[in-house]
Amino acid sequence: MSNLHIGIAGAGLAGRTLAWRLLRAGCRVSLFDARRRDDVATASMTAAAMLSPLAELAVSDEAVFAMGQRSMQLWPQWIAELAAEGLPVYFRREGTLVVAHAPDQSSLAHFTGLLLHKLPEAVRAQVHTLDAAALGVAEPALAGRFGGGLLLDGEGQLANDQWMAALATEIDRLGGSWMEGCAIDGVEDDHIECAGKTYGMDITVDARGVGAKESWPQLRGVRGEVLTVECPGVTLQRPVRLMHPRYQLYVAPRPGNRFVVGATELESEDTGPVTLRSTLELGSALHSLHPAFGEARVLRLAAALRPALDDHRPTVQQRDGVWHINGLYRHGYLCAPALVDGLVQQLTGSTAVLKALKEERVT
């Protein structure tokens, strides 16, 4: 299968990761994207990149949980492969802390009950109830600020900007072809049309996210907004989720005392700048987590559209000869490795795949 030529439309999280894994499997890969590779105004670059299969089960289903669990097996392996090439990516697996202020304890209790109800029995041991003292030991920066909380063992996070940059470097090193800033006019089973030219392929994959709406009308964009700050006065060992009656705030620490803060999930395809309301809500909730955040420097306010389907499940489908990987919604970094790994196996597992496609085109 080393001569298999695969064209991928879309160089976001799914498309870029897929290109890397296919190149490592010995395929020829051509990657097409309407944006430049260093464009940060994308869902892949705006995400907090938390790897939270347990916490996300409270708002998802067993299919997403299963994909998340599989991805948690793959992430350490893939991070190690990049590190071996001199491309370290910030990756931690210290769990997730879930807390609530005194007036919002009912939200935490509801979350805990829902989680324990939905989790498989074998996994419930990863949910640890902490009293105030144990919470202070687990997360010293929050000592004395909360009466207790939950520690979700085994969850993690990574730096998405480092991941995306490392993949770009590896795709180049492995000989991948990359058409950047190239408007994609169409994706068919045997070719991709880009900037007025037609590029023939053995197999094509559409990984354009919301950009694939024309060929997948059920897709919609869900707006997410994040705040990135720098605060030398606070050190967190792991991501923290702060329960609130209206939303869950998440704070994901990054190297250099930086923190990615988010919560908003808006049923809107507006791609404009972050609103004042969201800025105030994120900022005030962050300050309530720790007063030192009041002196944090705002580095970035960003909004992006996450591609979602009606069932909110990330999916891989083949339709009219074209493979589609899409609908990653709020579970992108959690589920992408499982989706990509499965698709790579389907595309490279047997020469019958290509043979069947070619026969179908002939007939």
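For the sequence shown, counting from 1, position 301 maps to 541 in the numbering used here; every step adds exactly one.
Even for Gly, the Cβ is constructed at its ideal location relative to N, Cα and C.
- Minimum Cα-Cα distance from G266 among the listed residues G388, Q477, I246, V329 corresponds to I246.
- Measuring C-alpha to C-alpha distances from L370 to each of L354, G387, W260 identifies G387 as the nearest.
- Apart from the 5 residues on each side of it in sequence, D344 sits with its Cβ closer than 7 Å to the Cβ of M483, H484, P485 in its chain, given in chain order.
- In the DSSP secondary-structure assignment, F499 is bridged to V469, P493.
- The bridge partners DSSP lists for S270 are G247, S417.
- Look at C422 here: in three-state DSSP terms it is coil, with no helix or strand label.
- Out of V363, A399, L583, the CA that lies nearest to the CA of P479 is found in A399.
- Taking the Cα positions, R256 is about 40 Å away from G376.
- Taken through DSSP and simplified to helix, strand or coil, L398 comes out as strand.
- In this chain, A383 is not harboured by any beta strand (DSSP E), its DSSP state being neither H nor E.
- Every unbroken stretch of the beta strand (DSSP E) spanning 3 or more residues and falling wholly within the region 537 to 561 is given here in chain order: 537 to 548, 555 to 559.
- Closest in C-alpha terms to S292, from the list E321, T444, L391, comes L391.
- Annotated three-state conformation of G461 is strand, per DSSP.
- DSSP lists no beta-bridge partner residue for L354.
- The closest CA to that of R277, considering only T475, Q402, W456, R537, is found on Q402.
- For the pair of segments examined, the region 353 to 363 was found not to touch the region 421 to 440: the number of CB pairs separated by less than 8 Å stays below three.
- In the DSSP secondary-structure assignment, M290 is bridged to Q397.
- For Y487, no beta strand (DSSP E) encloses it, and the DSSP letter there is neither H nor E.
- Every unbroken stretch of the alpha helix (DSSP H) spanning 4 or more residues and falling wholly within the region 333 to 379 is given here in chain order: 345 to 358, 372 to 378.
- One alpha carbon belongs to A320, the other to L253, and they sit about 18 Å apart.
- With 16 or more other Cβ atoms inside 10 Å of its own Cβ, N566 counts as buried.
- DSSP lists G426, T438 as the bridge partner or partners of E433.
- When rounded, the separation of the alpha-carbon atoms in T515 and F272 is 32 Å.
- Around the beta carbon of Q488, 16 or more other beta carbons lie within 10 angstroms, which makes this residue buried.
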